[in-house]
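S.K.: I have a structure I would like to understand better, so I am pasting it below and will then ask my questions one at a time.
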Amino acid sequence: MKKVFATCLTAVLTLSLLSACGQTTTTNNAKESSAPKQTEAAKPADNASGGKKKYAIIFKNTGNPYGEKQMEGFKNAITELGGEAILKAPDQPTAEAQIKMIEELISQKVDSISIAGNDPDALQPALKKAMNAGIKVLSLDSAVNFKSRLVHINQADPERIGRVQVQAISEMIGGKGEIAVLSATSQATNQNTWIEWMKEELKDPKYKDIRLVKVAYGDDLRDKSVSETEALLKSFPNLKGIISPTTVGIAAAGKVLTDKGLKDKVQLTGLGLPSEMAQYIESGVSKWMYLWNPIDVGYLAGYTADALVKGTITGKEGDKFKAGRLGDKAIVKDGDGTQIMLGDPFKFDASNIAEWKKVY
Ligand code: RAM
């Protein structure tokens, strides 16, 4: 029996009761800046929005329900804290598009930027510029490198996320056969880290009869994820299983396997949003999958941004603060940088999916 990762049901169910009620600005095109240049020591403006602090979040791209849930949690936190939330995401999941948004937010003189990075390194100049302007920068979900942020919000231990998906597919296919990974973009820090851990797990001799034939990239775009799944099935007619560590990818793969009548022939697991995957879990196309609470990831980012802006924390190892309903949080080391760990991946299967699909 595989280890079932537990998470706090009560805390998560509480989320379904929370509704967004605050003033949130969602903009994709910031105005050209006519504001005077800020110096290194300059503090971000506190005068716009009736003196409310401005907290921006940039997700990877639009059209991703997971990203929307994350932003919902962020907005909930900022609303509780009396700030203004600015929710942004580019149309395409590229670093270039995010850089444009960062530049706009610098001109808007926001107090903080939380970002799910489309590249670990490419955002560094823009994010450094933001920090030099006094803006508190953190990453969540998909980390930017440690020089580009004050702290990272990590959804769950990457090693456990990576290993558990290989353990799952192995069990589903009886420890034998070809498997493939359907990922997000090739530059996504979170997916790439998890895939590294999948490869580590696969080195165990108990997986000697499993062969990882390809890592495909659906770029967190629904259509591309569908066509990449179809291409995998065509190129590898003996494929026994697909791991998709992205909510967009796994839902697309679920649809393709359903449409092609491949249930029981090709197994599917990965990281899925219960609301999107319920139909495939219930039909048995995916017997089980994992995720954490995306609303909590955003909520924790909101509280962290606020603690950084207020100076309660600086982002260094050992810093502690209270993150609203999530309680006390501590900043720990993460390589050369620091992070805050949210929790564990949680297993979703036919026994609990009906309940969870209502939550996120
Ligand atoms: C997708 C995104 C996101 C990731 C989830 C699991 O929605 O790539 O970054 O955390 O999947």
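Numbering (mature numbering (1 follows the signal peptide of the UniProt record, and there is no 0)) for the sequence shown: -30 to -1, 1 to 330. A virtual CB, placed ideally from N, CA and C, is assigned to each residue, including glycine. Predicted, not measured: the structure shown is a model, and the values here were computed from it.
#1: Residues with a Cβ closer than 7 Å to any heavy atom of the ligand RAM, in chain order?
#2: Hey, is the segment 260 to 271 in contact with the segment 282 to 290, meaning 3+ C-beta pairs nearer than 8 Å?
#3: Taking the alpha-carbon positions, what's the A(-11) to K235 distance?
#4: Let me make sure I understand the geometry here. Which of A275, W258 and A222 has the alpha-carbon closest to that of V134?
#5: Could you pull the DSSP bridge partners for residue 350 from this structure?
#6: According to the neighbour-count rule (16 or more other Cβ atoms, all chains shown, within 10 Å of its Cβ), is N(-2) buried or exposed?
#7: Pair every Cβ in the segment 243 to 262 with every Cβ in the segment 217 to 230, then say whether three or more of these pairs are closer than 8 Å.
#8: Can you tell me whether E246 is buried or exposed? The criterion is at least 16 other CB atoms within 10 Å of its CB, across all chains shown.
#9: Looking only at C-alpha atoms, which of L278, Q157, K176 and D289 sits nearest to G144?
#10: Please give the ranges of any beta strand (DSSP E) in the segment 194 to 234, keeping only runs that are unbroken, at least 3 residues long and fully inside the region.
#11: Nearest to A92 by alpha carbon, out of I123, A222 and E66?
#12: Let me know the alpha helix (DSSP H) ranges lying completely inside the segment 235 to 292, each 4 residues or longer, listed in chain order.
#13: Rounded C-beta distance between V121 and I301? I'm assuming under 8 Å.
#14: If you draw a straight line from the C-alpha of K173 to the C-alpha of P244, how long is it?
#15: Which word fits K24, buried or exposed, when buried means at least 16 other C-beta atoms lie within 10 angstroms of its C-beta?
#16: Mark residue 338 as exposed unless 16 or more other C-beta atoms lie within 10 angstroms of its C-beta, in which case mark it buried.
#17: Taking S109 as the reference, which of L203, R119 and V80 has the closest Cα?
#18: Who does F318 pair with in a DSSP beta bridge?
#19: Looking at the structure shown, is K176 part of a helix, part of a strand, or coil, going by DSSP?
#20: To the nearest angstrom, how far is it from the Cα of I76 to the Cα of A103?
#21: What's the C-alpha gap between M142 and Q237?
#22: Which complete beta strand (DSSP E) runs does the segment 59 to 118 hold, if anything under 3 residues is left out?
#23: Starting from G43, trace the alpha helix (DSSP H) in both directions and tell me its first and last residue.
#24: By a C-beta neighbour count over all protein chains shown, 10 Å radius and 16 as the cutoff for buried, is K146 buried or exposed?
M.R.: Result, derived from the coordinates:
#1: Sorted by position in the chain, K30, N34, Y36, G37, A86, D111, S112, Q125, A154, A158, N160, Q161, D190, P215, T216, T217, V218, L241 and L261 make up the residues whose C-beta lies under 7 Å from a heavy atom of the ligand RAM.
#2: no
#3: Taking the first residue of the sequence shown as 1, we reach residue -11 at position 20. Taking the first residue of the sequence shown as 1, we reach residue 235 at position 265. Caution is warranted here: a pLDDT of 32 is assigned to A(-11), below 50, making its placement in the model unreliable, and no coordinate value can be reported.
#4: The sequence position of residue 134 within the sequence shown is 164, counting from 1. Of the candidates A275, W258 and A222, the one whose C-alpha sits nearest the C-alpha of V134 is W258.
#5: Nothing in the structure corresponds to residue 350, since the chain is present only between -30 and 330.
#6: Translated into the one-based positions of the sequence shown, residue -2 becomes position 29. Note on N(-2): pLDDT 34, under 50, position unreliable in the model; no value is reported.
#7: Using a C-beta cut-off of 8 Å, the segment 243 to 262 makes contact with the segment 217 to 230, since at least three inter-stretch Cβ pairs fall below that distance.
#8: Counting from 1 along the sequence shown, the entry for residue 246 is found at position 276. It is buried - the Cβ of E246 has at least 16 other Cβ atoms within 10 Å.
#9: Here residue 144 refers to the residue found at position 174 of the sequence shown. Taking only the C-alpha atoms, the option nearest G144 is K176.
#10: 209 to 214
#11: In the sequence shown, the residue the question calls residue 92 occupies position 122. Per the Cα distances, E66.
#12: If we require 4 residues or more, the alpha helix (DSSP H) runs fully inside the segment 235 to 292 come out as 244 to 253 and 264 to 280.
#13: Here residue 121 corresponds to residue number 151 of the sequence shown, with the count starting at 1. Here residue 301 corresponds to residue number 331 of the sequence shown, with the count starting at 1. Confirmed, about 6 Å.
#14: Mapped onto the sequence shown, residue 173 falls at position 203. Mapped onto the sequence shown, residue 244 falls at position 274. Using only the alpha carbons, I get a separation of about 30 Å.
#15: Counting from 1 along the sequence shown, the entry for residue 24 is found at position 54. Under this definition K24 is a buried residue.
#16: Absent from the model: residue 338. The displayed extent of the chain is -30 to 330, so no value can be given.
#17: Counting from one through the sequence shown, the residue named residue 109 turns up at place 139. The residue with the shortest Cα to Cα distance from S109 is R119.
#18: The sequence position of residue 318 within the sequence shown is 348, counting from 1. M259.
#19: If you number the sequence shown from 1, residue 176 lands on position 206. It is helical.
#20: On the sequence shown, residue 76 is found 106 positions in, with the first residue counted as 1. On the sequence shown, residue 103 is found 133 positions in, with the first residue counted as 1. Cα-Cα distance, rounded: 7 Å.
#21: For this step, residue 142 is matched to residue 172 along the sequence shown. For this step, residue 237 is matched to residue 267 along the sequence shown. Distance between the alpha carbons of M142 and Q237 is about 6 Å.
#22: 82 to 85 and 106 to 110
#23: Stepping through the sequence shown from its first residue, residue 43 is reached at position 73. Start and end: P35 to E50.
#24: Position 176 of the sequence shown holds residue 146. Per the 10 Å Cβ criterion, exposed.
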